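Just so you know, the sequences run in chain order A and B. So the first sequence is numbered by the numbering used here: it starts at 1 and just counts up by one. So the second sequence is numbered by the numbering used here: it starts at 1 and just counts up by one. Backbone N, C-alpha and C define an ideal beta-carbon position, used for all residues, glycine too. A quick note: this is a predicted structure, and the numbers were derived from the prediction, not measured. Everything below concerns the one structure shown next.
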Amino acid sequence: MAAAAAIASSSATTLPEGDTLKASTFQRLHPKAYFERFLAENLRPDGRDLDEWRAVSLNVGSISTADGSALVRLGDTTVVCGVKAEIAEPELDSPEDGFLVPNLDLPAICSPKFKPGPPTEEAQVLSDRLNDILVAAGVVPLSSLCIERGRAVWVLYVDATCINYDGNAFDATLLAMVAALKNTRLPKATFDEETGRTTCSRKTRLPLQISRLPASMSFGIFDGTHIVVDPTSFEEPLLETTLSVAVDENGGLVSVTQLGLGIARGQDVLMRCIASAKDPLFLECLVGARKDR
Amino acid sequence: MAQSNFDRRRINGPDESFPPLFEADEEDPVHNLPRTRRGRSADDIRPIFLKAGLISQANGSAYIETERTKIACAVYGPRQSKTTVYSENGRLNVEVKFAPFSCTRRRAPIRDAEDRSVAVQIHQALWPSVRLELLPKSTLDIFITIIENDGIEGCIASGSVAASAALADAGIEMLGLVVSCAASTIGKEIWLDPTEEEARMASGSLILSGMPALGTITNVWQSGRLTPEETIQCMEACQGRCLDIHTVVAQALLDNAQVT
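Next comes the structure, spelled out in structure tokens:
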């Protein structure tokens with residue numbers, strides 16, 4: 001216990017070499033016990049409180065080849081998202097709707113647990129959940145992407161790549177995708193009836209119509225007792241339940257996902273987590289971050 | 001062009017979609033050869049921003065940015081080789097991935113021949129510099145993600161610099177840092193570090209990789225139409241520039257080591 005307390009309080013001071021080695025070996029061999037020691041002091045291995053988020057930084061518009069882009073750093077988790085717009089024929093049964101195609105890639109570069117090759121299960125599941133949120137929330141009304149009814153519509157490919165995976169890629173990616181969409185500027189397109197082709201103007205670019213700005217908050221329950229917010233890649237495998245709540249800028253609920261039993265200290269925590277996500281402080285930060293861009 | 005791959009592991013869009021066609025531009029850069037280079041002189045390279053250690057999950061990493069080329073590189077290793085065949089020397093495995101939004105036309109996430117050829121060039125540039133004889137039965141995995149692409153020459157050159165810096169950041173023993181420089185011939189002049197536009201107008205391009213610390217060359221890749229004299233001139237120009245790039249890379253690694 002003394003060793004754990006020393007580690008917890010010495011984020012600024014340096015430990016002698018021997019102790020650091022012992023701590024990291026203990027972390028590797030007994031991750032659960034290591035984590036429990038910290039939780040007993042109401043702290044987490046990186047020094048955060050149980051309900052504290054990591055520092056978020058957002059950088060938009062740095063990629064010139066993309067029509068819109070965003071780079072999000074949630075602690076060490078880094079996600080780059082770019083939006084490319086192309087033109088296609090709309091579906092027959094919805095001739096005025098464009099397409100929004102989000103995808104998240106978790107390549108081998110971001111973590112030793114991902115091997116090169118086709119998208120892993122985790123990437124597929126996260127892509128699917130992001131697709132659900134972006135479509136269900138109606139972030140970009142698909143009718144606003146119409147160029148010519150029944151002939152030409154915009155297709156927005158929203159591709160996110162994780163560069164460094166330190167847990168909670170879902171929240172970071174949703175933030176990156178919404179920020180990239182907000183940053184996107186589409187060229188003005190005119191459909192020529194005679195040739196059946198669409199030409200775009202290099203000079204005028206119009207921003208997208210964004211109707212809602214969803215953001216999500218992820219929680220995890222450890223050992224049926226503690227609820228932690230924004231888990232890191234060390235904590236994630238130790239949590240038996242993960243909850244993600246997505247809200248929009250007005251506090252409206254967009255999506256709730258729960259994987260696991262969801263019981264902490266004998267009570268169901270789902271409503272508490274939803275209330276946490278709708279917390280006015282969180283929404284203020286959301287709106288504040290959006291307005292700056 | 002149309003991308004009609006239905007990938008069941010990803011969210012798919014419509015069967016076919018086309019990149020936007022723009023109205024004809026007044027100036028067509030392909031046909032007008034400008035007399036002088038825009039913005040810099042013939043032997044100026046673009047400023048390099050290099051930062052090591054940004055990817056915490058990897059053993060070593062580097063991020064390089066030269067105006068419009070942005071590349072992230074991570075090194076994992078030495079780790080155990082998957083194959084059962086005993087190998088006295090370690091293996092060096094380089095994988096390159098272009099982000100879908102990195103090029104002017106969206107690239108499908110599927111890896112194709114271009115990724116592979118860039119990876120092979122970077123592998124050839126790095127291989128002589130790493131002391132693989134000290135890592136039996138091990139593999140060094142180098143993963144490169146190209147976030148923004150401004151010409152293949154720039155990608156290969158910056159990619160090999162980033163990979164070498166990442167290897168140094170990972171503490172892998174090497175004979176020297178590998179740096180690369182690209183050159184193109186436009187008319188009678190040799191322009192160093194060409195952008196995509198400039199490389200397209202050029203009659204020939206050359207990328208030279210070497211270890212300035214030892215004064216050796218590890219890889220030369222030439223494409224297009226160059227006379228032997230022009231090739232030698234390009235190589236000499238690149239070699240001279242490599243010394244400067246080496247100083248920048250060494251300084252960036254030193255700064256990073258002093259901070260941590």
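Listed in chain order, the beta strand (DSSP E) runs fully inside the segment 96-143 of chain A are 99-105, counting runs of at least 3 residues.
Per DSSP, reduced to three states, the secondary structure at A:Lys182 is helical. In the same chain as B:Asn12, and ignoring 5 residues on each side of it, the C-beta atoms closer than 7 Å to its own belong to Phe6, in chain order. Residue contact check for B:Tyr86 against chain A: no CB pair falls below 8 Å.
Taking 8 Å as the Cβ-Cβ cut-off, the segment 199-233 of chain A approaches chain B at Thr199, Cys200, Ser201, Arg202 and Ser233, given in chain order.
When secondary structure is reduced to three states using DSSP, B:Ile156 falls in the helix class. In this structure A:Ile109 is in contact with B:Phe143, their Cβ atoms being roughly 4 Å apart against a cut-off of 8 Å. In terms of CA proximity to B:Thr218, B:Leu175 leads the group B:Leu175, B:Glu23 and B:Glu196. For a cut-off of 8 Å, the C-beta gap from B:Met211 to B:Leu177 is around 7 Å, short enough to register as a contact. For A:Ile163, the neighbours in chain B by C-beta distance under 7 Å run, in chain order, Ile55, Ala72 and Thr145. Not a single CB atom of chain B sits nearer than 8 Å to the CB of A:Ala169. CA-CA distance, B:Gln233 to A:Ser144, rounds to 55 Å. When 7 Å is used as the limit between beta carbons, B:Lys97 is near these residues of chain A: Pro107, in chain order.
The contact set of A:Cys110 on chain B, defined by CB atoms closer than 7 Å, consists of Gln57 in chain order. Distance between B:Ile152 and B:Ser102, taken at the CA atoms: about 12 Å. Within 8 Å of the CB of B:Pro78, no CB atom of chain A is found; the nearest one sits about 13 Å away.
The DSSP-derived three-state label of B:Ala119 is helix. Around the beta carbon of B:Glu65, 16 or more other beta carbons sit within 10 angstroms, so the residue counts as buried. Non-local beta-carbon contacts of A:Thr242 in its own chain, meaning distances under 6 Å to residues more than five positions away in sequence, involve Gly220 and Leu259 in chain order. Taking a beta-carbon distance threshold of 8 Å, B:Glu23 counts as an interface residue toward chain A. Against chain B, the CB of A:Arg185 has no partner CB under 8 Å away; the residue lies outside that interface.
Where B:Gly240 is concerned, the enclosing alpha helix (DSSP H) starts and stops at Pro228 to Val259. By the criterion of at least three beta-carbon pairs nearer than 8 Å, the segment 182-190 of chain B is not in contact with the segment 251-258 of chain B. Taking all protein chains in view, the Cβ of A:Asn42 is surrounded by fewer than 16 other Cβ atoms within 10 Å, so the residue is classified as exposed.
DSSP, reduced to helix, strand and coil, places A:Asp19 within a helical segment of the structure shown. Secondary structure remark: continuous alpha helix (DSSP H) runs of at least 4 residues inside the segment 74-110 of chain B: none found. Residue environment analysis places B:Lys97 among the buried positions, since at least 16 neighbouring C-beta atoms fall within 10 angstroms of its C-beta.
In summary, the residues of the segment 146-158 of chain B whose CB is separated from some CB of chain A by less than 9 Å are Ile147, Glu148, Asn149 and Asp150, in the order they occur in the chain.
Listed by position along chain A, the residues whose Cβ is nearer than 8 Å to that of B:Asn256 form an empty set, because the closest Cβ is around 16 Å away. With its beta carbon less than 8 Å from one in chain A, B:Arg68 belongs to the interface.
The beta carbon of A:Ile63 sits closer than 6 Å to the beta carbons of Ser69 and Gly82 from its chain, once the five residues preceding and following it are set aside; these are given in chain order. The segment 81-97 of chain B and the segment 116-136 of chain B touch, with no fewer than 3 CB-CB distances between them shorter than 8 Å. Taking 3 residues as the shortest admissible run, the segment 159-229 of chain B contains the following complete beta strand (DSSP E) segments, listed from N- to C-terminal end: 179-186, 189-192, 204-211 and 216-224. Within the model, the alpha-carbon separation for A:Glu249 versus A:Asp279 is close to 11 Å.
Between A:Ile274 and A:Val254, the CB-CB gap reaches or exceeds 8 Å.
For the segment 30-60 of chain A, no residue has a beta-carbon sitting nearer than 8 Å to a beta-carbon of chain B.
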